[in-house]
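Notes follow once the structure below has been shown.
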Amino acid sequence: MISVEIDRRRLLGASALGVGAGAAGAGLGFLTGRQQPAATAQPQPDTSGLNGAQIEPFYGEHQSGVETIPQAHAMFVSLTRKDDTDLTRLIRMLKLLTDDAALMTQGQSPLADTEPELNERPARLTVTFGFGRGLVDLAGSQHAPGWLGPLPAFGIDRLEDRLCRGDLLLQVCGDDPFTIAHAVRMLLKDARAFMDVAWSRSSFRRSYGSDPQGTTTRNLFGQVDGTANPGPGSEDFARLVWGKTLGQASPVFSARGEPPLDLAADYPAWLKGGTSLVLRDIDMNLATWDEADRPAREFSIGRDLKKGAPMTGTEEHDIPDLEATDDKGFTIISPASHVARSRNNAAPEQQIFRRVYNYHSVPDAADAATGPTGSAIVGKAGLMFASYQASVERQFLPIQKRLDEVDLLNQWTAPIGSTVWAIPPGVREGEYIGQALFES
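Listed below in structure tokens is the structure:
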């Protein structure tokens, strides 16, 4: 374990950081009569203040819902395969679900939809499919990448078995939870003969129009969350998320340096153009977070809460200076802070694309009795931490291992769910999701 020395007086000076926090570790027509979707349209700008008619493409090299500008709401649904769902039945289901998603994301209705009016406002609906190891193994275990399976155990984990299961993931995002609810219902109606629901989580960001486009989201700690993300459309993103092996002619990279071109070198042929997703369900203890004052919170994070600027800067996207010291010789950003532990400036491949969503509920008295003190009032809060990267082993794991060893933020957070998914590439009209795998 890496030893990080923290001056006790500085820690106590930051309002007795963590007092009371406890030890929480932190072209379709597959079936006769099923409707053909219209040609995919490009997203249209919002000129009227309304966005219900806006659509995101379904067909393409990559699945939508990854590089897509994050929508306001997300529903994650994990499904497990029924015992009698063999390869033939699985392919039948995937054709159905691909058909459904291709239509609904474009504001159209599958033929069996008894409430077609509910698809008339797609509001940037996307459906992203993820495959677990159990699904890939139906095509043959030799097709599964080595990283597709449970992560190593971490000391901060407080995992619940039910939140760590799944063969198929549906990530359904959009700017209207009404549209999402109907889309999920339709998808599950067509999946129910083949799959059972393992778990689901409804989550959110700021509502559409609350913030200017491009504003980094916040989590329920008030923390600006995702500042260091590679920019969608950039060469960084192409390499770090899609594992592109042919770079742009004159690429521009972030201050973290040039990512390598071989991050997806071990991908099987069916996964080329796809990526990996590590999905962590993070419980956030708001009751004990309330006990820490602002200096303590900022000391733990290593950033100013107002703008998200590093403690050594003034603006959100200023580069953290992890070596800068104050007039007493102490580093301004604690080496145990979240920002310090999550960065390795000497390893440009150690970056991920985080697409996070919050959730919150107020428990009733019975549930609150088994929860942390104050939960009856504060409620249960958490973060669906969706980490996309080309390589789980070279990108996600080194970062997570550092955070597991030392991270002051762990006093208020604990992973309670953890799943790893292969995100297949996008599809063309006439194909179904995963076709290159199951018909190889």
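As numbered in UniProt numbering, residues 1 to 440 make up the sequence shown, in order.
Virtual Cβ for every residue (Gly too), placed ideally from N, Cα, C.
By Cβ distance below 6 Å, which residues in the same chain neighbour Leu31 in space, the five residues on each side in sequence not counted?
Because the pLDDT at Leu31 is just 41, under 50, the model does not fix this residue reliably, and the value given afterwards should be weighed accordingly. If you ignore the 5 residues before and after Leu31, its C-beta comes within less than 6 Å of no other C-beta in its own chain.
Using the Cβ count rule (16 or more neighbours within 10 Å means buried), how would you classify Ile69?
Exposed.
With a floor of 4 residues, list each alpha helix (DSSP H) that falls wholly inside the region 104-184, ordered by position along the chain.
Complete alpha helix (DSSP H) runs here, min 4: 133-136.
Tell me whether Ala336 is buried or exposed, calling it buried when 16 or more other Cβ atoms sit within 10 Å of its Cβ.
When all chains shown are included, Ala336 counts as buried.
What does Ala414 pair with, by DSSP beta-bridge criteria?
Ala414 is bridged to Asp283.
Extract the residue ranges of the alpha helix (DSSP H) inside the region 229-308, only unbroken runs of 4 or more that lie entirely within it.
Entirely contained in the region 229-308, the alpha helix (DSSP H) runs reaching 4 residues are, in chain order, 235-240, 286-289, 294-301.
Own chain residues within Cβ distance below 7 Å of Ile301, not counting five before or after
Cβ neighbours of Ile301 beyond the five flanking positions: Gln223, Ser337, His338, Val339, Leu409.
Which residues does DSSP list as the beta-bridge partners of Val356?
Under DSSP, Val356 takes part in no beta bridge, so it has no partner.
Thinking C-alpha only, which one of Phe76, Asn51, Lys95, Arg89 is nearest Val427?
Selection Phe76, Asn51, Lys95, Arg89 evaluated against Val427 yields Lys95 as nearest (Cα-Cα).
Can you look up Thr88 in the DSSP assignment and give me helix, strand or coil?
Three-state DSSP puts Thr88 in a helix.
For Asp353, the nearest candidate out of Pro268, Ala228, Asn344, His317 (CA to CA):
Checking the sequence, you will find Phe at residue 353 rather than Asp. Proximity to Phe353 across Pro268, Ala228, Asn344, His317 peaks at Ala228, based on C-alpha coordinates.
Roughly how far, in whole angstroms, is the beta-carbon of Thr314 from the beta-carbon of Ala324, given that I think they are within contact range, below 8 Å?
Thr314 to Ala324, Cβ: 13 Å. No contact.
I want to know whether the region 64-81 touches the region 427-437 - three or more CB-CB distances under 8 Å.
Here the region 64-81 does not lie against the region 427-437, with fewer than 3 beta-carbon pairs under 8 Å apart.
Helix, strand or coil at Pro71 according to DSSP, with G and I counted as helix:
Correcting the residue identity first, residue 71 is Gln in this sequence and not Pro. Coil.
Which same chain residues end up closer than 7 Å to residue 447 when comparing Cβ atoms and leaving out the 5 residues on each side of it in sequence?
Residue 447 is absent from the model: the chain starts at 1 and stops at 440.
Using a Cβ distance threshold of 8 Å, determine whether the region 108-118 contacts the region 385-400, with at least three qualifying pairs required.
Using a Cβ-Cβ distance cut-off of 8 Å, the region 108-118 and the region 385-400 are not in contact, since fewer than three pairs of beta carbons, one from each stretch, lie closer than that value.
Residue(s) in a DSSP beta bridge with Val66
Partner(s): none; Val66 has no beta bridge.
Under the assumption that Gly231 contacts Leu263 (Cβ atoms under 8 Å), give the Cβ distance between them as a whole number of angstroms.
Between Gly231 and Leu263 the beta-carbon gap is near 17 Å, outside 8 Å, which marks them as no contact.
Range of the contiguous alpha helix (DSSP H) that encloses Gln350
No alpha helix (DSSP H) holds Gln350; DSSP gives it neither H nor E.
Distance between Pro295 and Asp304 (C-alpha atoms, nearest Å)
In this model, Asp304 and Pro295 are separated by some 9 Å (Cα to Cα).
Please determine, among Met186, Val278, Asp84, the residue with the shortest C-alpha to C-alpha distance to Ile399.
Per the Cα distances, Val278.
Helix, strand or coil at Thr98 [DSSP, three-state]:
Secondary structure at Thr98: helix, using DSSP grouped into helix, strand and coil.
Report the three-state DSSP secondary structure of Arg201 (helix, strand or coil).
In the structure shown, Arg201 sits in a strand (DSSP, three-state: E or B).
Own chain, CB closer than 7 Å to Gly382, minus 5 neighbours either side, in chain order
In its chain, beyond the 5 residues on either side, Asp281, Ile282, Asp283, Met284, Tyr359 have a beta carbon closer than 7 Å to the beta carbon of Gly382.
Take residue 444 as the anchor and find which of Ala198, Tyr357, Lys189, Ala144 has the nearest alpha-carbon.
Since the displayed the chain opens at 1 and closes at 440, residue 444 lies outside it and no answer follows.
Say yes only if the C-beta of Leu169 is nearer than 7 Å to one or more non-hydrogen atoms of the ligand GDP, and no if none qualify.
The ligand GDP is not part of this structure, which contains no ligands at all.
Those residues which DSSP pairs with Lys380 across a bridge:
Residue pairing from DSSP places Lys380 in a beta bridge opposite Ser361.
Which residues in the same chain as Pro260 place their Cβ atom closer than 6 Å to its Cβ, once the five residues preceding and following it in sequence are excluded?
For Pro260, where only same-chain residues beyond five positions count, the Cβ hits under 6 Å are Glu349.
Report all residues from its chain with a CB closer than 7 Å to the CB of Ile91; omit the five preceding and five following residues, and keep chain order.
Within the same chain, Ile91 has close Cβ partners Phe438.
Buried or exposed for Gly65, going by 16 or more other Cβ atoms inside 10 Å?
Taking a 10 Å sphere around the C-beta of Gly65, we find 16 or more other C-beta atoms and assign the residue as buried.
May I ask which residues mark the beginning and end of the alpha helix (DSSP H) holding Pro398?
Annotation for Pro398: the continuous alpha helix (DSSP H) segment containing it runs 397-405.
Should the region 95-104 be called in touch with the region 123-140, which here means at least 3 C-beta pairs below 8 Å?
The way I'd put it, the region 95-104 does touch the region 123-140; three or more beta-carbon pairs between them come closer than 8 Å.
In DSSP terms, what Ile423 is bridged to
In the DSSP assignment, the residues bridged to Ile423 are Thr275.
Asp84, buried or exposed, once every other Cβ within 10 Å from all chains shown has been counted against 16
Its Cβ having fewer than 16 others within 10 Å, Asp84 is exposed.
For Tyr388, which beta-bridge partners are listed by DSSP?
Secondary-structure assignment with DSSP links Tyr388 through a beta bridge to Leu277, Phe353.
By the 10 Å Cβ neighbour count, where 16 or more other Cβ atoms means buried, how is Arg206 classified, buried or exposed?
Answer is exposed; the Cβ neighbour count stays below 16.
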